[in-house]
Each structure stands twice: as C-alpha cells, then as structure tokens.
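Chemist:
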Amino acid sequence: MPSADSEKRPLRGLVPLAGWVLVGALLAVGCGDRKLPTEPAAGPTPNPSATFTRVQNEVFTPNCVIAGCHATAGARQGMSLAPGTAYGSIVGVPSVERSDLNRVEPGDADRSYLVKKLRGDPDITGVRMPDGGTLTAAEIQLVIDWVTRGAPND
Amino acid sequence: MPAKILMCTLIAVAVALPAFPQAVAEPELETRLINLPTHRSLAPATLQVLFTHRFSQTVGGAGADNLWGFDSSADIGIGLGMGLGHGIEAEVYRSSFFKQYETSVKWNAVRQGTAFPLGVALRVGADYRAASGVADRWAGFAQLVVARRLGSSLDLFAVPTYVSDTPTLRNAWNVGLGASMHVGHAWDVSVEAIPANHDVRHSALAWAVGFTKRLSGHAFLIYLGNSRATTTDLIAGSDIPGGFKGGDVRVGFNLIRRFPE
Chain L
235 MPSADSEKRP LRGLVPLAGW VLVGALLAVG CGDRKLPTEP AAGPTPNPSA TFTRVQNEVF
295 TPNCVIAGCH ATAGARQGMS LAPGTAYGSI VGVPSVERSD LNRVEPGDAD RSYLVKKLRG
355 DPDITGVRMP DGGTLTAAEI QLVIDWVTRG APND
Chain X
75 MPAKILMCTL IAVAVALPAF PQAVAEPELE TRLINLPTHR SLAPATLQVL FTHRFSQTVG
135 GAGADNLWGF DSSADIGIGL GMGLGHGIEA EVYRSSFFKQ YETSVKWNAV RQGTAFPLGV
195 ALRVGADYRA ASGVADRWAG FAQLVVARRL GSSLDLFAVP TYVSDTPTLR NAWNVGLGAS
255 MHVGHAWDVS VEAIPANHDV RHSALAWAVG FTKRLSGHAF LIYLGNSRAT TTDLIAGSDI
315 PGGFKGGDVR VGFNLIRRFP E
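Chains L and X supply the protein sequences, listed in that same order.
In this text, residue positions in the first sequence follow our numbering: the first is 235, and each later residue adds one.
In this text, residue positions in the second sequence follow our numbering: the first is 75, and each later residue adds one.
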C-alpha cells in the first residue's frame with residue numbers, strides 16, 4: 235500500500251506546472267488585434283480620432299447624463315444619452331422638436347438636429363443645449379467630426 | 075501569439091486534470107466574485123437569479139447635487155443560472171449596455187481541497203450585442219478560472235480570458251485577478267483587477283471592490299469600481315464605450331438569490 239507521501243508526490247510536481255502556466259498567461263495580459271478604423275465619409279476629411287467612444291466619454295456622459303435631463307430614466311424627449319443606450323437614441327432617429335430632421339444624420343452634420351442644438355443654430359426649437367451651459371468649441375467639433383465620419387458606433 | 079498561449083494553457087490543464095482527485099472541502103463562495111467568475115458552480119437543480127446595477131456617473135463627476143451618482147442612470151443586468159450536475163452550470167445574462175445577451179457554460183473541473191490546493195473551472199460562452207448601430211454583434215469567449223485558498227479565509231483567483239471580438243479589438247486576451255477575504259458574520263470583502271489593454275488607446279486598469287453579505291440563499295454585494303463592464307467581452311477588452319479612468323469611482327450592487335436556498 236503506498237504511503238501518503240508517495241500519493242502526494244505526483245501532485246506536488248504539477249503545482250510548478252500550474253505556476254508556469256499562470257506565469258505564461260500573465261505575460262500576455264491585455265492585448266488584441268485592433269479593428270480597422272471606419273472609412274471616412276466623402277467630403278472634407280474629419281478628425282479620424284473623433285469616435286463615438288470619445289463623444290460619449292467627453293461630451294454626453296459629463297454634460298448630458300444627469301437626472302432630469304438625458305439619463306435613462308425619464309429622459310427629456312425620450313432621448314437617453316447614457317452609455318450603452320445613447321447611440322440607439324440618436325442615430326437615424328427623428329427629432330421630436332424638428333420631425334423633419336434626424337437627431338443624427340450619419341455623414342451630414344448640418345442636417346443633424348443634435349448638432350444644431352449644441353451649436354445653438356437659429357432654426358432650433360427651445361433652448362441651446364446643454365441647458366444652463368455651453369460646450370467648448372472643441373467639444374462641439376468632436377461631435378461634428380464624428381457625425382461627418384458617418385456616425386459609426388466605434 | 076495570445077491564441078497560442080491560450081491553447082497551450084488549455085492543453086496543459088486538460089492533460090493535468092485526470093491526475094487531480096476530486097476533493098470535498100470547498101470555500102463559501104458565489105459563482106461570481108464581483109464581475110469575474112469564480113471556480114464554483116451551482117449545485118444540481120439549483121436556480122440562481124442575479125441582478126447587477128452600475129450607476130453611470132462617477133462619484134466625483136456627479137458631486138453632491140446628484141448624490142454622488144445615485145441620481146444618474148444605470149447599467150442594469152439580469153441573469154439566470156442553473157446547476158446541471160457534475161460541476162456544470164449554464165447561465166443566461168442580459169445587460170442593458172449594448173442590450174447585450176451573454177450565454178455561458180461553466181465546468182468546475184477541479185475542486186479545491188486537502189488533496190490539491192487549486193480549484194479549476196473552464197467557462198465558455200458567447201455574447202450578442204443587440205443594440206442598433208453595432209457593426210460586430212457576436213463574440214465568443216473562453217475563460218480558465220484558477221483559484222487558490224490561503225489559510226482559512228483568503229481566496230485568490232486568476233482568470234485568463236480570450237474573447238474573439240470586443241468593440242475595438244479582435245482576438246482580445248486578458249487576465250483578470252481577484253481576491254476574497256472572509257471577515258466573519260457572513261461578510262466578505264472582494265477585490266478585482268483587470269489590466270489595461272496594451273492595444274486600446276486610453277485603456278486603464280479596471281478595479282473593483284465588493285462588500286458581500288450572505289443570508290440564507292441571498293448574497294448582496296455593494297460595488298465600488300471604475301468600470302461599468304459586466305459582460306466578458308467588455309471586461310477582457312478594457313474598451314467599454316464611454317471609457318473610464320483609473321481614478322474613477324462608481325457605485326453599484328449585485329443581488330443574488332438561489333432556489334432552493
């Protein structure tokens with residue numbers, strides 16, 4: 235009958251193996267193959283780094299996703315700009331205040347009501363957004379560039 | 075290169091598995107640590123309901139006017155898990171972020187105990203992003219969960235993860251790390267860290283701290299962390315749209331109920 239020690243010995247040999255497997259895995263943390271960037275739309279070349287991720291992170295989330303404004307629950311005009319729901323709420327969706335315009339018309343910033351509201355164009359209904367403040371010129375340009383790129387969900 | 079490492083990892087574990095005896099002693103753990111899976115699986119014929127809730131605004135960004143994020147919108151997840159026996163469980167999880175569905179099967183291949191000090195599980199599944207405007211909707215993933223208990227109250231976890239597609243990457247690879255400390259009176263304190271992804275611009279380390287209270291058949295976890303990701307693809311890619319910074323702090327919770335208790 236084998237002793238307890240001899241029974242454990244093979245398992246002890248496997249512990250270093252598991253350790254090496256783990257070390258090998260840790261050496262490769264956090265990597266992947268980048269997807270190709272979305273093809274820009276025809277016309278003036280917009281900033282290719284104007285992604286929807288940046289629009290969400292730098293414009294919508296800090297300025298618009300506020301209770302009583304454009305947070306998911308009870309969003310004004312039914313337009314949530316919260317992460318994960320914003321894209322579906324604006325791209326190709328008719329605006330409430332100007333039903334002849336979409337909130338975002340991919341590739342056409344001048345026919346995107348969202349851009350008009352941020353710029354405070356004279357043909358908007360209601361007040362310029364964000365209510366109680368304005369975005370910087372760089373923030374507005376980021377949105378315009380993203381729309382001009384075709385409004386990809388990137 | 076990552077795919078080769080993943081294959082070598084899986085093969086090495088698969089070869090080693092038959093030599094590991096099944097042990098009986100197991101720590102008191104849920105099937106999910108905070109966002110990462112643990113090596114535990116549901117008992118046969120046990121149904122588990124999971125709710126996850128992550129407020130979208132950061133504590134600092136929201137400020138006192140918005141009650142440090144509690145006034146903001148939230149990413150909400152609902153999951154159903156079922157123990158199928160032989161250490162296998164199946165789960166369906168739906169997150170409001172990307173209107174995403176995640177299906178998975180987990181096999182608790184090796185139980186942690188006196189005979190062998192590691193717990194090992196293999197989890198495979200698929201994600202489907204149903205939100206409009208998403209170019210690539212499907213992603214497959216495979217995860218290996220390696221767990222180690224130190225002493226009588228500390229559990230450590232490493233979760234190497236491969237995902238075929240994330241919002242900005244293909245063939246993404248990452249290793250989540252976690253720890254759970256049992257502090258008595260059915261309370262646990264857990265931490266998780268998912269390294270930043272080298273191939274994602276402005277990627278940051280995702281960290282989370284969870285305070286869990288267990289009551290017969292229930293587990294309630296209070297969440298503090300910087301990322302809102304709760305699905306495997308967004309966790310491994312570290313590229314959740316909207317992004318996050320290392321210093322962000324968000325609040326949220328997980329709620330688990332098992333039937334029978």
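We put the CB at the ideal spot given by N, CA and C, even for glycine.
1) Pull up the CB-CB distance for Phe125/X and Asp149/X, whole angstroms please, since I reckon it's below 8 Å.
2) Please tell me whether Ser146/X and Ala305/L are closer than 9 Å, where the distance is taken between their beta carbons.
3) Which residue's Cα is closest to the Cα of Phe318/X: Gly135/X, Glu163/X, Thr112/X?
4) Three or more C-beta pairs closer than 8 Å, one from the stretch 278-292 of chain X and one from the stretch 173-193 of chain X: is that the case here?
5) Counting only C-beta atoms, is Pro241/X closer than 9 Å to chain B at any point?
6) Short of 7 Å Cβ to Cβ, which residues in the stretch 366-381 of chain L face chain X?
7) In the structure shown, what three-state DSSP assignment does Lys351/L receive?
8) Just to make sure I have the definition right: I need the residues of chain X whose C-beta is within less than 8 Å of the C-beta of Arg310/L. Which are they?
9) In its own chain, which residues sit with a C-beta less than 7 Å from the C-beta of Val293/L, not counting the 5 before and 5 after it?
10) Identify the residues that DSSP records as bridge partners of Arg268/L: which are they?
11) Kindly indicate which three-state DSSP category Leu103/X falls into: helix, strand or coil?
12) Threshold first: 3 residues or longer. Then list the beta strand (DSSP E) segments lying entirely within the stretch 149-189 of chain X, N to C.
13) Taking Gly135/X as the query, report the chain L residues whose CB atoms sit under 9 Å from its CB, ordered along the chain.
14) Between Gly264/L and Ala270/X, which are expected to be in contact by the criterion C-beta below 8 Å, what is the C-beta distance as a whole number of angstroms?
15) Report the three-state DSSP secondary structure of Pro364/L (helix, strand or coil).
16) Which residues, in order along the stretch 301-312 of chain X, keep a beta-carbon less than 9 Å from a beta-carbon of chain L?
17) Using 8 Å as the Cβ pair cut-off and three pairs as the minimum, do the stretch 326-334 of chain X and the stretch 192-206 of chain X touch?
18) For Pro315/X and Val233/X, which I take to be in contact (beta-carbon distance under 8 Å), what is that distance rounded to the nearest angstrom?
19) Where does the unbroken beta strand (DSSP E) through Leu124/X begin, and where does it stop?
20) So who's on the other strand from Thr286/X, going by DSSP bridges?
21) Cβ of Ala216/X within 9 Å of Cβ of Thr240/X?
22) Examine the ligand SAH and report whether any of its heavy atoms sits within less than 8 Å of the Cβ of Gly151/X.
23) Quick check on the burial criterion: 16 or more other C-beta atoms within 10 angstroms. Buried or exposed for Gln311/L?
24) Strictly below 8 Å CB to CB, what residues from chain X border Val299/L?
25) Can you name, in chain order, every residue of its own chain whose Cβ lies under 7 Å from the Cβ of Gln290/L, other than the five neighbours on each side?
26) Within the 9 Å Cβ cut-off, does Val325/X reach chain L?
27) Taking the C-alpha atoms as reference points, what is the distance between Leu224/X and Ala253/X?
28) Tell me whether Pro95/X sits in a helix, a strand or coil according to DSSP, three-state version.
29) If we call anything under 9 Å between Cβ atoms a contact, is Asn328/X one with Leu289/X?
30) Mind pulling the chain L residues with CB within less than 8 Å of Phe125/X?
31) Taking a cut of 8 Å between CB atoms, which residues from the stretch 272-287 of chain X lie near chain L?
32) For Gly384/L, tell me which candidate among Val327/L, Arg332/L, Asp267/L, Ala343/L has the shortest Cα-Cα distance.
33) Check Leu376/L in the structure and name its three-state DSSP category.
34) Alpha carbon to alpha carbon, what distance is there between Asn336/L and Leu365/L?
35) Using a Cβ-Cβ distance cut-off of 9 Å, determine whether Arg337/L contacts chain X.
36) Nearest-angstrom Cα distance between Thr304/X and Gln174/X?
Modeler: Well, looking at it:
1) By one-based count along the second sequence, residue 125/X stands at place 51. By one-based count along the second sequence, residue 149/X stands at place 75. Their Cβ separation, rounded to whole angstroms, is 12 Å, which puts Phe125/X and Asp149/X out of contact at 8 Å.
2) The sequence position of residue 146/X within the second sequence is 72, counting from 1. The sequence position of residue 305/L within the first sequence is 71, counting from 1. Yes, the pair counts as a contact, with Cβ atoms nearer than the cut-off.
3) Taking the first residue of the second sequence as 1, we reach residue 318/X at position 244. Nearest of Gly135/X, Glu163/X, Thr112/X to Phe318/X, Cα basis: Gly135/X.
4) no
5) No chain B appears in this structure, whose protein chains are L and X.
6) none
7) Mapped onto the first sequence, residue 351/L falls at position 117. Three-state result, Lys351/L: helix.
8) As a position in the first sequence, residue 310/L is number 76, starting the count at 1. The contacting residues do not exist; Arg310/L stays about 13 Å from chain X at best.
9) As a first step, residue 293/L is located in the first sequence; it is residue number 59 there, counting from the start. Counting only Cβ-Cβ distances below 7 Å, and skipping sequence neighbours, we find Leu369, Glu373, Leu376, Val377.
10) The residue you call residue 268/L lines up with position 34 of the first sequence. According to DSSP, Arg268/L bridges with Leu243/X.
11) Position 29 of the second sequence holds residue 103/X. Here Leu103/X sits in coil by DSSP.
12) 162-169, 174-184, all fully within the stretch 149-189 of chain X.
13) As a working mapping, residue 135/X is identified with position 61 in the second sequence. Here the neighbours are Thr295, Pro296.
14) Residue 264/L sits at position 30 when you count from the first residue of the first sequence. Residue 270/X sits at position 196 when you count from the first residue of the second sequence. The Cβ separation is near 6 Å, so the contact holds.
15) In the first sequence, counting from the first residue as 1, residue 364/L sits at position 130. Residue state, collapsed to three classes: coil.
16) Arg302, Ala310, Gly311, Ser312
17) Contact fails: fewer than three Cβ-Cβ distances are below 8 Å.
18) On the second sequence, residue 315/X is found 241 positions in, with the first residue counted as 1. On the second sequence, residue 233/X is found 159 positions in, with the first residue counted as 1. Between Val233/X and Pro315/X the Cβ distance is about 23 Å, and since that is not below 8 Å, they are no contact.
19) Locating residue 124/X in the second sequence gives position 50, where the first residue counts as 1. Unbroken beta strand (DSSP E) run through Leu124/X: 121-129.
20) Within the second sequence, the letter at position 212 stands for residue 286/X. Among the bridge pairs identified by DSSP, Thr286/X is matched with Asp262/X, Leu295/X.
21) One-based indexing of the second sequence puts residue 216/X at position 142. One-based indexing of the second sequence puts residue 240/X at position 166. No, Cβ-Cβ distance for Ala216/X and Thr240/X is not below 9 Å.
22) Within the structure as shown, the ligand SAH is missing, as the structure has no ligands at all.
23) Taking the first residue of the first sequence as position 1, residue 311/L is located at position 77. That one is exposed.
24) In the first sequence, residue 299/L corresponds to position 65, counting from 1. Those within 8 Å of Val299/L in chain X are Ser130, Gln131, Ser146, Ser147.
25) Taking the first sequence and counting its residues from 1, one reaches residue 290/L at position 56. For Gln290/L, where only same-chain residues beyond five positions count, the Cβ hits under 7 Å are Pro317, Ala320.
26) Position 251 of the second sequence, counted from the start, is the residue given in the question as residue 325/X. No, Val325/X does not count as interfacial toward chain L.
27) As a first step, residue 224/X is located in the second sequence; it is residue number 150 there, counting from the start. As a first step, residue 253/X is located in the second sequence; it is residue number 179 there, counting from the start. Rounded to whole angstroms, Leu224/X to Ala253/X spans 10 Å at the Cα level.
28) In the second sequence, the residue the question calls residue 95/X occupies position 21. Low confidence applies to Pro95/X: its pLDDT is 43, below 50, so where it sits in the model is not reliable, and the reading given next is rough at best. Note: Pro95/X maps to coil in three-state DSSP.
29) Taking the first residue of the second sequence as position 1, residue 328/X is located at position 254. Taking the first residue of the second sequence as position 1, residue 289/X is located at position 215. No.
30) Along the second sequence, read from residue 1 onward, the residue named residue 125/X stands at position 51. Contact note: Phe125/X does not reach chain L at a C-beta cutoff of 8 Å; the least C-beta distance is about 16 Å.
31) His272, Asp273, Val274, Ser277
32) Position 150 of the first sequence, counted from the start, is the residue given in the question as residue 384/L. Of Val327/L, Arg332/L, Asp267/L, Ala343/L, the residue nearest in Cα terms is Ala343/L.
33) For this step, residue 376/L is matched to residue 142 along the first sequence. Here Leu376/L sits in helix by DSSP.
34) Along the first sequence, read from residue 1 onward, the residue named residue 365/L stands at position 131. Along the first sequence, read from residue 1 onward, the residue named residue 336/L stands at position 102. The question names Leu, but residue 365/L is Asp in the sequence shown. Each residue's Cα considered, the two are about 20 Å apart.
35) As a first step, residue 337/L is located in the first sequence; it is residue number 103 there, counting from the start. Cβ-Cβ to chain X under 9 Å: no for Arg337/L.
36) Locating residue 304/X in the second sequence gives position 230, where the first residue counts as 1. Locating residue 174/X in the second sequence gives position 100, where the first residue counts as 1. Spanning the two alpha carbons is a distance of roughly 10 Å.
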